[in-house]
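Residue numbers (UniProt numbering): 1 to 294. We put the beta carbon where it would ideally sit given N, CA and C, even for glycine. Everything numeric in this text was worked out from a predicted model, so none of it was measured. In what follows, a single structure is set out as structure tokens and then discussed.
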């Protein structure tokens with residue numbers, strides 16, 4: 001009788017040798033910058049002659065009204081864009097999978113925006129949201145609504161960013177959900193139809209459970225990406241954080257502190273706070289999703 005092999009890749013020197021280039025790359029460009037950020041967050045704002053200041057930078061950032069506004073805007077953006085984009089993506093993916101012939105063509109069309117520069121898309125959306133000749137105001141005008149100056153009225157800056165964020169997230173979500181739908185065994189649906197299950201019951205009892213891991217993956221990655229929103233704001237408002245800087249986000253705040261105000265210690269302290277907040281929120285989300293899926 002053949003003995004069971006006790007081979008483990010982590011115990012093989014050759015395996016570690018093959019992994020070495022990737023480990024070096026991760027160490028230099030991911031792990032080192034992370035530790036460097038923590039180190040700089042406890043130093044003064046001088047980059048040439050830094051001095052240790054302990055937790056003073058964290059205190060200054062937390063008491064900064066601009067930072068609190070940035071976190072508020074980021075949170076509103078995340079809790080709005082992530083669920084809405086997932087729901088809309090699910091609806092579009094289901095329609096493409098069940099109702100549309102030649103869905104491969106539409107998959108390609110929907111995926112094109114994911115390959116396009118956010119800056120380029122932002123320029124297009126600036127025209128769509130324009131207060132005088134934008135298509136969105138033209139469309140709303142057909143129903144005698146508006147016009148709204150989305151880009152120059154601070155009250156409409158956030159809705160414009162949310163719409164842009166939802167649209168920008170659809171492409172990747174749709175493709176991933178479609179791949180998950182194609183992996184579900186069609187015999188499940190045939191058996192369900194045999195017992196008279198409606199489409200809604202099939203969706204609740206078969207589709208959602210089968211897609212639970214994919215939805216969890218998309219929810220977590222989308223939430224993390226939403227908390228790091230910067231390109232969308234920069235592109236939509238032409239390098240500014242909305243009217244009067246009222247739409248500043250967490251990453252926008254860090255960028256301004258580091259590259260505009262040259263307050264390096266404050267910028268790194270804000271980055272550490274954002275990192276810790278994302279870590280806690282990701283852990284809580286995962287626990288909640290695991291409990292719901294049981």
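Nearest-angstrom Cβ-Cβ length linking residue i and residue j, presumed shorter than 8 Å
i: residue 96; j: residue 218; result: The pair is not a contact, with the Cβ atoms about 16 Å apart (cut-off 8 Å).
i: residue 125; j: residue 164; result: 5 Å
i: residue 249; j: residue 229; result: 5 Å
i: residue 226; j: residue 78; result: 4 Å
i: residue 184; j: residue 92; result: No, residue 184 and residue 92 are not in contact; Cβ-Cβ is about 17 Å, not under 8 Å.
i: residue 86; j: residue 222; result: 7 Å
i: residue 37; j: residue 270; result: Contact flag wrong, Cβ pair sits at about 10 Å.
i: residue 53; j: residue 273; result: With a Cβ gap of about 16 Å, residue 53 and residue 273 do not count as contacting.
i: residue 252; j: residue 70; result: 7 Å
i: residue 89; j: residue 170; result: 5 Å
i: residue 237; j: residue 151; result: 7 Å
i: residue 224; j: residue 168; result: Actually they do not touch by this definition, with Cβ atoms about 15 Å apart.
i: residue 286; j: residue 220; result: 7 Å
i: residue 268; j: residue 40; result: 4 Å
Start and end residues, alpha helix (DSSP H) containing residue i
i: residue 188; result: 186-194
i: residue 58; result: 56-62
i: residue 176; result: 157-182
i: residue 141; result: 135-141
i: residue 75; result: 65-98
i: residue 260; result: Here residue 260 belongs to no alpha helix (DSSP H), and DSSP marks it neither H nor E.
i: residue 40; result: 32-40
i: residue 227; result: 212-227
i: residue 122; result: 118-128
i: residue 235; result: 231-236
i: residue 202; result: 199-202
i: residue 14; result: 13-26
i: residue 145; result: Careful: residue 145 lies outside any alpha helix (DSSP H) and carries neither H nor E.
i: residue 254; result: 250-255
Counted within 10 angstroms of its Cβ, other Cβ atoms place residue i as buried (16 or more) or exposed
i: residue 257; result: buried
i: residue 28; result: exposed
i: residue 144; result: exposed
i: residue 63; result: exposed
i: residue 232; result: buried
i: residue 81; result: buried
i: residue 129; result: buried
i: residue 12; result: exposed
i: residue 374; result: As displayed, the chain neither begins before 1 nor continues past 294, which places residue 374 out of reach and without an answer.
i: residue 283; result: exposed
i: residue 149; result: buried
i: residue 263; result: buried
i: residue 108; result: exposed
i: residue 301; result: What is shown of the chain runs 1 to 294, which leaves residue 301 out entirely.
i: residue 288; result: exposed
i: residue 116; result: exposed
i: residue 30; result: exposed
i: residue 187; result: exposed
Proximity test, residue i beta-carbon vs the ligand NAP heavy atom, cut-off 6 Å
i: residue 252; result: Absent from the structure shown: the ligand NAP. Ligands present: none.
Given 8 Å as the limit, is there contact between the stretch 180-200 and the stretch 152-163, that is, 3 or more CB pairs closer than that?
no
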